[in-house]
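Have a look at the structure below before the remarks.
2 protein chains.
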Amino acid sequence: MPSLEAYRRELDYSYAPGLFPSVEALENAPDRVRRLLISGKAGDNETVQRLSGLCAARHIRVETADKALSRLSGKENCYAAAVFEKRFDRLSDQGNHIMLHQTSDAGNMGTILRTALGFGYRDIAIVRPAVDVFHPHTVRASMGALFSLRVAEFESFDEYRAAYPGHALYPFMLTGSVGLNEAAANKTSPFCLIFGNEGSGLPEAFAGYGRAVRIPHSDRIDSLNLSIAAAIGMYTFAGERLYGTAE
Amino acid sequence: MPSLEAYRRELDYSYAPGLFPSVEALENAPDRVRRLLISGKAGDNETVQRLSGLCAARHIRVETADKALSRLSGKENCYAAAVFEKRFDRLSDQGNHIMLHQTSDAGNMGTILRTALGFGYRDIAIVRPAVDVFHPHTVRASMGALFSLRVAEFESFDEYRAAYPGHALYPFMLTGSVGLNEAAANKTSPFCLIFGNEGSGLPEAFAGYGRAVRIPHSDRIDSLNLSIAAAIGMYTFAGERLYGTAE
């Protein structure tokens, strides 16, 4: 492997910066991890030992690389980074999908990935142009959730639809015709929850796709933050699957 | 008024950076606005005209101050900032409260303020030590929602409780004994939803205060992001008040 470069979208590998995201990479996607960079300042705590053990078991090379870490992460105190292969997946045909349509902020995308995993969603469809799901900032914001998800990118909504024609569509729009709780109570599975861009939302055409969902809120705010709206939507649609039969 | 200083917690005034937060300040808390700073680069668009009109109607001084704006906001493209008086409020005795217990991140706090306003909550109790609710970063993240809310700070939970002994308490904890949907379906009003610190959550003692609430999520993640958990909690507790009788 050549020497490590600063991250660019064109590279076929990226970095999972931080101890916790590196653990997630090694535990959930070990076949994609090329090596582990570790800081001399990381010490010998429990997490570092866990990382070393995971690498030893998988024959993954560990390198002390303080300079590379601070250069790649842009931070003084980045104690580890897993170097991993970028790869898109085929989504599940049976599972529910989360579509991120032209998301522009890495923090939002990462937070949504983490929340999705927390609520039992494993399949993420991204429609371009969108922020890079493999960018170290996205990976960090996801806290490594990326490594437990299937992710696919599409040139357009139509390209997604051709590949997965069977999912019931629920675009989230300020002008949605049905309230969230009602939509979730009468949902058809498998479904695809669709969330638009931070500034511009979804194009008007999406009002005609499936059932357009509105999260009711007071007119004192223009809209909810994207990662907030996505979380409330994913939580409410998870329903009894999340709660089980106990409640 | 003396010349403007970089923001510090000790000052009795702060800045609402951005065109939109400045509009919110002038519309919802005009008595607290001392002056409006505007950039020569702001041009003459609709929002700028609205700001000028609001200031004229209220006899608030408008100042072109590009250098001060870039210095105060730390950004190149900050087109306006309302200079406003800091002030804490008495919370409503009848209204529901949102308690932020030792929140440490300005972005999280601002996002929670905005979401709270969106779901009809108007009363925010902050327990110290916490990030400064009046810091320009918090105000910006709230998109100016701060100016439509009552905010009070307390040295401790006990100090809050002595002032508002009647609210039903719902601390949100990973170890909460009741699931969110069940807690919300059987809620007692007025209530106080309590959210802990980003890293450490709430102290264990809170498990004994009122009904400790758990947001169910998969064990594939350690916890939800604070602003995400708060949003799901506030949305679910808003219930029929938010939806009206239509659903």
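Quick mapping for you: the protein sequence lines, in order, are chains H and S.
Using my numbering, you'd call the opening residue of the first sequence number -18 and step up by one each time.
Using my numbering, you'd call the opening residue of the second sequence number -18 and step up by one each time.
Glycine residues also receive a C-beta, built at the ideal position from the N, C-alpha and C atoms.
When DSSP reads this structure, Thr45(S) sits in a beta bridge with Ile19(S). Close CB contacts of Ser3(S) within its chain, under the 8 Å cut and outside five residues either way in sequence, are with Ala(-3), Leu17, Leu32, Ala61, Ala62, Ala63 and Gly125 (chain order).
Residue environment: Glu5(S) is assigned as buried (16 or more neighbouring CB atoms within 10 Å of its CB, all protein chains considered). About 5 Å separates the CB atoms of Tyr141(H) and Ala106(H); that is less than 8 Å, so the two are in contact.
Between the stretch 187 to 200 of chain S and the stretch 143 to 159 of chain S there are three or more C-beta pairs closer than 8 Å, enough to call the two in contact.
The alpha-carbon separation between Val114(S) and Pro11(H) amounts to approximately 42 Å. If you draw a straight line from the Cα of Tyr216(H) to the Cα of Ile209(S), it is about 10 Å long. Nearest C-alpha to Ala144(H) among Arg121(H), Asp200(H), Asp70(H) and Ser85(H): Asp70(H). Sixteen is the threshold: since fewer than 16 other Cβ atoms of the shown chains lie within 10 Å of the Cβ of Arg(-10)(S), the residue is exposed. Along the length of the stretch 23 to 84 of chain S, whole beta strand (DSSP E) runs at least 3 residues long occupy 42 to 45, 61 to 66 and 78 to 82, reported in chain order. Scanning chain H for C-beta atoms nearer than 8 Å to the C-beta of Arg192(S) yields nothing, as the closest lies near 14 Å away. Counting only runs of 3 or more residues that sit fully inside the stretch 85 to 125 of chain S, the beta strand (DSSP E) segments are 104 to 108, in chain order. Listed along chain S are Ile209, Ala212 and Ile213, each with a C-beta nearer than 7 Å to that of Ala212(H).
Using a 10 angstroms sphere on the CB of Arg52(S), the tally of other CB atoms stays under 16, which defines it as exposed. If you look at Glu134(S), you'll find it in the beta strand (DSSP E) that goes Arg131 to Phe135.
Contact note: Ile105(S) does not reach chain H at a C-beta cutoff of 8 Å; the least C-beta distance is about 14 Å. Look at the beta carbons and you see the stretch 78 to 93 of chain H touching the stretch 176 to 185 of chain H: at least three pairs across the two are nearer than 8 Å. The three-state secondary structure of Arg195(S), taken from DSSP, is strand. The continuous beta strand (DSSP E) containing Leu174(H) extends over residues Phe172 to Phe176. As the crow flies, the alpha-carbon of Thr119(H) is around 14 Å from that of Phe65(H). Annotation: the continuous beta strand (DSSP E) that includes Tyr151(H) extends over Ala149 to Pro152. When the five nearest sequence neighbours on each side are left out, the beta carbons in the same chain lying within less than 8 Å of the beta carbon of Pro117(S) are those of Tyr(-12), Ser(-5), Tyr(-4), Ala(-3), Pro(-2), Leu53, Ser54 and Ala62, in order along the chain. The secondary-structure analysis by DSSP pairs Ser(-5)(H) across a beta bridge with Phe65(H). In the DSSP assignment, Phe187(H) falls outside any alpha helix (DSSP H), carrying neither H nor E. Taking a beta-carbon distance threshold of 8 Å, Leu205(H) counts as an interface residue toward chain S.
Short of 6 Å from the beta carbon of Ala211(H), and not among the five residues preceding or following it, lie these beta carbons of its own chain, in chain order: Ile93 and Phe176. When beta bridges are read from the DSSP output, Gly160(S) appears opposite Arg195(S). Distances from the CA of Arg201(H) to each of Val108(S), Ala97(S), Gly160(S) and Asp203(S) were compared; the closest alpha carbon is that of Ala97(S). Phe176(S) is outside the set of residues whose beta carbon lies under 8 Å from a beta carbon in chain H. For Arg131(S), the nearest beta carbon of chain H is not closer than 8 Å to its own beta carbon. Leu150(H) is positioned such that its CB atom lies closer than 8 Å to that of Tyr190(H).
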